[in-house]
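Residues in the sequence shown are numbered from 33 upward in steps of one, following the numbering used here.
Glycine included, every Cβ here is placed at the ideal spot set by N, Cα and C.
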Amino acid sequence: MDDPFDAIDRGRRIDRQQALWLLSGAPLGRLMEAAHRVRESRHGDRLVTFVFDTNPNYTNVCRTGCTFCAFCRSPEADDAYTLTPEELAARVSKAHAEGATTVLLQGGHNPGIGLADWIDYIRAVRKACPAVHIHPFSPAEYVFMARKEGIGLEQLLKAIWDEGIRTIPGGGAEILTERVRRRIAPAKASVEQWLDACRVAHRIGFRTTATMMFGHVEEDEDIVDHLFVLRELQDETGGFTSFIPWSFKPGSTALARQVKTPAHPARYVRIIALARLVLDNFEHIQSSWFSENIAAGQLGLLAGADDFGGILVEENVLKQTGHSPRTTVEKVKTIIRRAGFTPARRDSDYRIVEVFDPPEPPGCRLKGPCAK
Ligand code: SF4
Numbered sequence: 033m034d035d036p037f038d039a040i041d042r043g044r045r046i047d048r049q050q051a052l053w054l055l056s057g058a059p060l061g062r063l064m065e066a067a068h069r070v071r072e073s074r075h076g077d078r079l080v081t082f083v084f085d086t087n088p089n090y091t092n093v094c095r096t097g098c099t100f101c102a103f104c105r106s107p108e109a110d111d112a113y114t115l116t117p118e119e120l121a122a123r124v125s126k127a128h129a130e131g132a133t134t135v136l137l138q139g140g141h142n143p144g145i146g147l148a149d150w151i152d153y154i155r156a157v158r159k160a161c162p163a164v165h166i167h168p169f170s171p172a173e174y175v176f177m178a179r180k181e182g183i184g185l186e187q188l189l190k191a192i193w194d195e196g197i198r199t200i201p202g203g204g205a206e207i208l209t210e211r212v213r214r215r216i217a218p219a220k221a222s223v224e225q226w227l228d229a230c231r232v233a234h235r236i237g238f239r240t241t242a243t244m245m246f247g248h249v250e251e252d253e254d255i256v257d258h259l260f261v262l263r264e265l266q267d268e269t270g271g272f273t274s275f276i277p278w279s280f281k282p283g284s285t286a287l288a289r290q291v292k293t294p295a296h297p298a299r300y301v302r303i304i305a306l307a308r309l310v311l312d313n314f315e316h317i318q319s320s321w322f323s324e325n326i327a328a329g330q331l332g333l334l335a336g337a338d339d340f341g342g343i344l345v346e347e348n349v350l351k352q353t354g355h356s357p358r359t360t361v362e363k364v365k366t367i368i369r370r371a372g373f374t375p376a377r378r379d380s381d382y383r384i385v386e387v388f389d390p391p392e393p394p395g396c397r398l399k400g401p402c403a404k
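Structural data, given as C-alpha cells:
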C-alpha cells in the first residue's frame with residue numbers, strides 16, 4: 033500500500049485499502065492535520081458555517097421497525113401523532129419567530145400519509161412563513177412514498193420540485209451496506225434504493241446532503257464502503273452538498289443490546305477527517321455540537337470540517353433516546369470562535385448569509401488581525 037499521506041500531498045485519490053488504514057491505524061493527529069490542510073485549500077481557515085433550522089417531525093407513526101429507532105409508534109399507540117398542516121405551520125411559525133430560517137420536514141413511514149398530504153404540509157408552511165426555506169423528506173421517505181403511491185421516484189420527486197422545493201436532507205442512510213442494513217433497518221430503503229432516490233433527485237436538479245449513522249454493529253469496512261458509494265455517486269451526479277456523520281444513540285432501543293463498535297469522541301473526529309480525505313468531491317463536511325458534544329464538535333472543526341450544522345430549535349427523534357441538547361445562535365457563535373474560527377450563518381444551499389466578525393475590542397477602531 034502506498035502511504036496515504038503521500039497520496040494526499042500529491043493530490044491523488046485515496047483508495048479503499050488506504051481509507052481502511054486511515055480509519056483503523058493512522059495516527060489521529062496526522063490524520064486530522066492532513067484533513068485540515070485539505071479543508072484549508074478548499075475553504076481557507078477562517079469561516080465555519082451554521083444554519084438556524086428546526087425539525088418538527090410531522091408524524092411518529094411508522095411500521096418500518098428499524099432496531100435503532102426510539103421515535104416510531106404504531107398507529108394505535110397512545111402517544112402516536114400526526115400533525116395537521118395547520119399544526120405543522122404553527123410550529124414552524126414559532127421557530128421562525130425565534131429566528132429559524134430553514135425547516136426540515138421528516139417523519140415516520142406513515143401508511144396514513146400520502147403525497148397529497150406532503151404537498152399540503154409544504155403549502156401550509158409556505159403560506160405561514162414564506163421566508164422559511166423548506167428542506168423536506170429523506171431519500172428513505174421518498175422510497176417509501178413512491179411505493180405507497182405506486183409511482184416512480186421521478187414522478188414523485190418532480191411533484192415536489194413543482195412545489196418549488198430545491199434541497200432535500202440526506203437522512204435514512206444509516207450505513208450504506210446491505211450487511212448492516214439487514215440487521216438494523218431490514219424494511220427500510222435498500223442501499224440501491226437510497227442511492228437511486230438521490231440519483232434521481234440530483235438529475236432533476238435537487239441538491240441533497242448525505243448522512244451516516246455509525247457506532248453500532250458496523251465494521252470499519254462498512255464505513256469505508258459507505259464513503260466510497262457516496263464518492264462514486266457524487267462523481268456521477270455532483271448533487272451532494274455535504275456529508276453529515278452522527279453516532280448511534282442507544283437509549284432503550286433494541287439495537288442497544290447488540291452494539292459492537294460503540295462511538296466515542298475520538299472515533300467521531302477520525303470519521304470526520306477520513307470523510308474529508310475520501311470525499312474529495314464533496315464541498316462541505318459537517319461536525320456538530322448536537323451529534324456528540326461541544327468538545328468533539330470543536331475538534332471536528334480541526335479535522336477537516338467546515339460546517340457546524342444546525343441550531344435545531346425543535347428535534348424529536350434523538351430526544352426519544354434521551355439525547356436532547358439545546359443551544360442558541362449566541363452559544364454556537366462562541367463555540368466556533370473558541371475553536372479559532374469566525375462563525376457565519378448559511379442557508380440550506382450553503383450560501384453564506386451573514387458573517388459574524390469578532391467584535392472590536394473596546395477603544396479600538398482598527399479592523400484586522402489586532403481586533404481578534
Ligand atoms: S428510523 Fe424512521 S423509518 Fe425507521 S422506524 Fe424510525 S421512524 Fe420508522
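Exposure label - residue i; buried when at least 16 CB within 10 Å
| i | result |
| --- | --- |
| LYS292 | exposed |
| SER170 | buried |
| PRO88 | buried |
| HIS296 | exposed |
| ASP41 | exposed |
| THR240 | buried |
| ILE384 | exposed |
| ASP267 | exposed |
| LYS159 | exposed |
| CYS402 | Annotation note: pLDDT 48 at CYS402 (below 50); position unreliable, no value reported. |
| PRO162 | exposed |
Three-way DSSP call (helix, strand, coil) for residue i in this model
| i | result |
| --- | --- |
| ASP338 | coil |
| MET64 | helix |
| GLN318 | strand |
| PRO297 | helix |
| HIS165 | strand |
| ARG45 | coil |
| LEU52 | helix |
| LEU137 | strand |
| ARG74 | helix |
| PRO117 | helix |
| PRO390 | coil |
| THR269 | helix |
Endpoints, the alpha helix (DSSP H) within which residue i is located
| i | result |
| --- | --- |
| GLU386 | Not the alpha helix (DSSP H): GLU386 falls in the beta strand (DSSP E), residues 384-387. |
| ALA217 | Looking at the DSSP string, ALA217 is not in any alpha helix (DSSP H), and its letter there is neither H nor E. |
| PRO36 | 36-41 |
| ILE326 | 326-333 |
Start-to-end residues for the beta strand (DSSP E) that takes in residue i
| i | result |
| --- | --- |
| SER279 | 272-279 |
| VAL83 | 79-83 |
| THR241 | 239-246 |
| THR374 | 374-378 |
Which listed residue (the options) has its alpha carbon closest to that of residue i
| i | options | result |
| --- | --- | --- |
| THR407 | LYS180, TRP150, MET244, SER279 | A question about residue 407 goes unanswered here, because the residues of the chain that appear run from 33 up to 404. |
| ARG231 | SER320, GLU206, THR269 | THR269 |
| GLY332 | PHE275, ILE343, ARG377 | PHE275 |
| ASP381 | GLY182, HIS316, THR360, THR359 | HIS316 |
| GLY57 | ALA39, GLY43, ARG71, ASP35 | ASP35 |
| PHE84 | GLY76, THR96, GLU362, PHE373 | GLU362 |
| ASP228 | THR134, THR116, LEU188 | LEU188 |
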